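Structure first, commentary second.
Numbering (full-length UniProt numbering), first residue to last: 1 to 96.
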């Protein structure tokens, strides 16, 4: 890959809404160039027999079964409501 240019750094900074000085552009151009060079080293690895993964560890979500349970009655839920109407919570309008 070609070296990253100062214009590219300024463009990325603009997209990220970052105000950077010319001195910071110089520093970031070198730093981003070093990062890209290091990442390019990965292209040299032999990944012929490596399965694609989404994570380096074999993680699985542990979830409980979705079973219905008894919940409180509507009247109990509404008894502490500051305001209610027709069996529902009543809240202030947020739309004009």
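Even glycine gets a Cβ: it sits at the ideal position worked out from N, Cα and C.
Since we're looking at a predicted model, the values are computed, not measured.
Let's see if you can read the secondary structure: which residues bound the alpha helix (DSSP H) around residue 63? Your numbering for residue 63 matches position 63 in the chain shown. Bounds of any alpha helix (DSSP H) do not take in residue 63, whose DSSP letter is neither H nor E.
What number of angstroms, rounded off, separates the C-alpha of residue 63 from the C-alpha of residue 52? Counting from 1 along the chain shown, the entry for residue 63 is found at position 63. Counting from 1 along the chain shown, the entry for residue 52 is found at position 52. One Cα belongs to residue 63, the other to residue 52, and the distance between them is close to 25 angstroms.
Which stretch, first to last residue, makes up the alpha helix (DSSP H) that contains residue 11? Counting from 1 along the chain shown, the entry for residue 11 is found at position 11. Per DSSP, residue 11 is one residue of the alpha helix (DSSP H) stretching across 6-15.
Going by the CB atoms, is the gap between residue 29 and residue 4 shorter than 8 angstroms? Position 4 of the chain shown, counted from the start, is the residue given in the question as residue 4. Position 29 of the chain shown, counted from the start, is the residue given in the question as residue 29. The answer is yes: Cβ separation under 8 angstroms.
Cβ-Cβ distance between residue 87 and residue 74 below 8 angstroms: Taking the first residue of the chain shown as position 1, residue 87 is located at position 87. Taking the first residue of the chain shown as position 1, residue 74 is located at position 74. Taking 8 angstroms as the Cβ cut-off, residue 87 and residue 74 qualify as a contacting pair.
Rounded to a whole number of angstroms, what is the C-alpha to C-alpha distance between residue 54 and residue 17? Counting from one through the chain shown, the residue named residue 54 turns up at place 54. Counting from one through the chain shown, the residue named residue 17 turns up at place 17. Residue 54 and residue 17 have their C-alpha atoms some 30 angstroms from each other.
Straight-line CA distance for residue 2 to residue 65? Within the chain shown, numbered from 1, the residue matching residue 2 stands at position 2. Within the chain shown, numbered from 1, the residue matching residue 65 stands at position 65. Taking the CA atoms as reference points, residue 2 sits about 52 angstroms from residue 65.
Near residue 9, which residues of its chain fall below 6 angstroms by C-beta distance, leaving aside the five closest residues on each side in sequence? Position 9 of the chain shown, counted from the start, is the residue given in the question as residue 9. Counting only Cβ-Cβ distances below 6 angstroms, and skipping sequence neighbours, we find 25, 28, 29.
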